[in-house]
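Here the structure is laid out as structure tokens; the discussion comes afterwards.
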Ligand SMILES: NC(=O)c1ccc[n+]([C@@H]2O[C@H](COP(=O)([O-])OP(=O)(O)OC[C@H]3O[C@@H](n4cnc5c(N)ncnc54)[C@H](OP(=O)(O)O)[C@@H]3O)[C@@H](O)[C@H]2O)c1
């Protein structure tokens, strides 16, 4: 049990990668706080975990809102007494369009969730982690931050920004016993976000979505996408003591797509 007696907050834990992370952490002993905007999804994940003998609670919140982030942290402490691990996983894809067709409001909306959210939550959990002298923050970024794809400017910029935030947080927190890392998945086609992207790209290029997907897989050394469970396994490693000497890093979990 790598996370015995740890409390982990997983944003965007109601489906996709966040759900896989919540279930993986709970199976490894953590008490998990599952949070997102859709009550039904987070309640289902919490229930699945509790039915399997794990500990979980759910909190409805929008991570782009300061008040909601405070609510996540307060509810976690009320339910389980502490926060040892924060996984900033909640994310939105935003517009699939060239820059000249993206509105400033669309840009702001993506930044608010993908970049401001992790900042808001990190600033609320750090004091407790510093007082205890231990803790781990994991930010879920994307291959989009490292490669050069068309049509995803706010998404790519938000994820590249999140890598920058990871570096600064890691530098500030390292001597306080707190590690901060990022995890960069490649395509995880089972998730809603990935399927939405596939559909929108096919529409934009007036192409067959399966053909586009096959083409993209050619750029991956393993020639296949990743599963949410594979991302969750790497997340478990990065928040556990197994990675005690790793901080300020971005781990590519992409089957061999990015090489820095
Ligand atoms: N799937 C991929 O191929 C892929 C690749 C690289 C990186 N990623 C990253 O992995 C993370 C998870 O993505 P996914 O593929 O699992 O997507 P997903 O299935 O769409 O899940 C996204 C999660 O984030 C939550 N969320 C979205 N906006 C939120 C907000 N404002 N406040 C709180 N929660 C919010 C969603 O719940 P609600 O809508 O109910 O709030 C949902 O639980 C994201 O950060 C994404 O950028 C995904």
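In our numbering, the protein residues as written are 301 to 560. Glycine included, each C-beta is placed from N, C-alpha and C at the ideal position.
Where residue i sits in the DSSP three-state scheme
i: residue 550; result: strand
i: residue 315; result: coil
i: residue 523; result: coil
i: residue 545; result: coil
i: residue 517; result: helix
i: residue 438; result: strand
i: residue 373; result: helix
i: residue 310; result: strand
Residue i, enclosing alpha helix (DSSP H) - first and last residue
i: residue 423; result: 417-432
i: residue 466; result: 453-473
i: residue 498; result: 492-505
i: residue 345; result: 339-351
i: residue 364; result: Here residue 364 belongs to no alpha helix (DSSP H), and DSSP marks it neither H nor E.
Endpoints, beta strand (DSSP E) assigned at residue i
i: residue 355; result: 355-360
i: residue 539; result: Residue 539 -> not in any beta strand (DSSP E); alpha helix (DSSP H) instead, spanning 528-539.
i: residue 336; result: 331-336
i: residue 485; result: 478-485
Presumed contact (8 angstroms Cβ cut-off) between residue i and residue j, rounded CB distance
i: residue 390; j: residue 312; result: 3 angstroms
i: residue 538; j: residue 465; result: Not really, about 16 angstroms apart at Cβ, beyond 8 angstroms.
i: residue 336; j: residue 314; result: 4 angstroms
i: residue 417; j: residue 388; result: 7 angstroms
i: residue 561; j: residue 376; result: The question about residue 561 has no answer, for the chain in this structure spans 301 to 560.
i: residue 547; j: residue 484; result: Not a contact, Cβ separation roughly 16 angstroms.
Rounded separation between residue i and residue j - CA only
i: residue 373; j: residue 351; result: 24 angstroms
i: residue 480; j: residue 431; result: 16 angstroms
i: residue 518; j: residue 444; result: 16 angstroms
i: residue 359; j: residue 384; result: 17 angstroms
i: residue 421; j: residue 308; result: 13 angstroms
i: residue 482; j: residue 329; result: 22 angstroms
Heavy atom of ligand 2 within 7 angstroms of residue i beta-carbon
i: residue 379; result: Among the ligands in the structure shown, ligand 2 does not appear; only ligand 1 can be found there.
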